[in-house]
Amino acid sequence: MTDFWQNKTLTEMTPEEWESLCDGCGMCCRLKEQDEDTGAIALTQIACRLLDIGSARCSDYGNRHEIVPECIPLTPENVGELKWLPPSCAYRLLANGYDLPDWHPLLTGDPESPHKAGYTIRDRAVSEEDVFFGQ
3 MTDFWQNKTL TEMTPEEWES LCDGCGMCCR LKEQDEDTGA IALTQIACRL
53 LDIGSARCSD YGNRHEIVPE CIPLTPENVG ELKWLPPSCA YRLLANGYDL
103 PDWHPLLTGD PESPHKAGYT IRDRAVSEED VFFGQ
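Count along the sequence shown from 1, add 2, and you get the number used in this note's numbering.
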């Protein structure tokens, strides 16, 4: 792929280009708690039950919305509004007019580069299965 992200808007990207923007950090898969009074969202270190903590990837990506109905799909229309996405998220960065971070796999060619740079949830979260079901 070329540097399509510099030449296309998020809405102009093909599904393959859109998906390739994900750096595999897994941070968007953290459970969120919303304050009923203020609407403020707090991120936890508890990950969705579908997240494989060791790889920081969804174990059933294609069916995630059916299995976990509260899983929020990222779209070109909503990524600019989702304040809980990490500041390093490629979707958020591009939606706000910034470029990809220098460790992004599209720039390095290495899918491990986000992990090496320390920008993932890999091995730093616990699964909701472990927390709520003691597995």
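C-beta: ideal position from N, C-alpha, C; glycine also.
Any idea what DSSP makes of R59, helix, strand or coil?
On the sequence shown, position 57 is the one that residue 59 refers to. DSSP places R59 within a strand segment (E or B) once states are collapsed to three.
Classify P71 as buried or exposed, calling it buried when 16 or more other Cβ atoms lie within 10 Å of its own Cβ.
As a first step, residue 71 is located in the sequence shown; it is residue number 69 there, counting from the start. Here P71 is exposed: its Cβ has fewer than 16 other Cβ atoms, across all protein chains shown, within 10 Å.
Taking the C-alpha atoms as reference points, what is the distance between C30 and S115?
Within the sequence shown, the letter at position 28 stands for residue 30. Within the sequence shown, the letter at position 113 stands for residue 115. So the alpha carbons of these two residues sit roughly 18 Å apart.
Are L12 and P78 touching if we call contact CB-CB under 8 Å?
Translated into positions along the sequence shown, residue 12 becomes position 10. Translated into positions along the sequence shown, residue 78 becomes position 76. A contact, by the Cβ cut-off of 8 Å.
Assign R32 to one of three DSSP states: helix, strand, or coil.
In the sequence shown, counting from the first residue as 1, residue 32 sits at position 30. Strand at R32.
Under the three-state DSSP convention, the category V165 falls into
Nothing about residue 165 can be reported from this structure: the residues present for the chain run from 3 to 137 only.
The alpha helix (DSSP H) that contains I69, what's its start and end?
Within the sequence shown, the letter at position 67 stands for residue 69. Looking at the DSSP string, the run of the alpha helix (DSSP H) that includes I69 is R66 to I69.
Roughly how many angstroms lie between the CA atoms of M15 and D104, to the nearest whole one?
On the sequence shown, position 13 is the one that residue 15 refers to. On the sequence shown, position 102 is the one that residue 104 refers to. Using only the alpha carbons, I get a separation of about 21 Å.
Given V128 as reference, the closest of H67, G28 and H106 once Cα atoms are compared
As a working mapping, residue 128 is identified with position 126 in the sequence shown. Of the listed residues, the one whose Cα sits closest to V128 is G28.
Quick check: L96 and W7, are their CB atoms within less than 8 Å of each other?
Here residue 96 is taken as the residue at index 94 of the sequence shown, counted from 1. Here residue 7 is taken as the residue at index 5 of the sequence shown, counted from 1. Yes; because the gap between Cβ atoms is below 8 Å, this pair is in contact.
Per DSSP, cross-strand counterpart(s) of I48:
On the sequence shown, residue 48 is found 46 positions in, with the first residue counted as 1. Answer is V128, bridged to I48.
Could you give the residue range of the alpha helix (DSSP H) that holds Y100?
Taking the sequence shown and counting its residues from 1, the one referred to as residue 100 is at position 98. Run containing Y100: none; DSSP gives neither H nor E here.
DSSP state of L95, grouped into three classes?
Reading the sequence shown from its first residue, position 93 is the one you call residue 95. If DSSP states are grouped into helix, strand and coil, L95 belongs with the helices.
DSSP beta-bridge partners for L53?
On the sequence shown, position 51 is the one that residue 53 refers to. According to DSSP, L53 bridges with C60.
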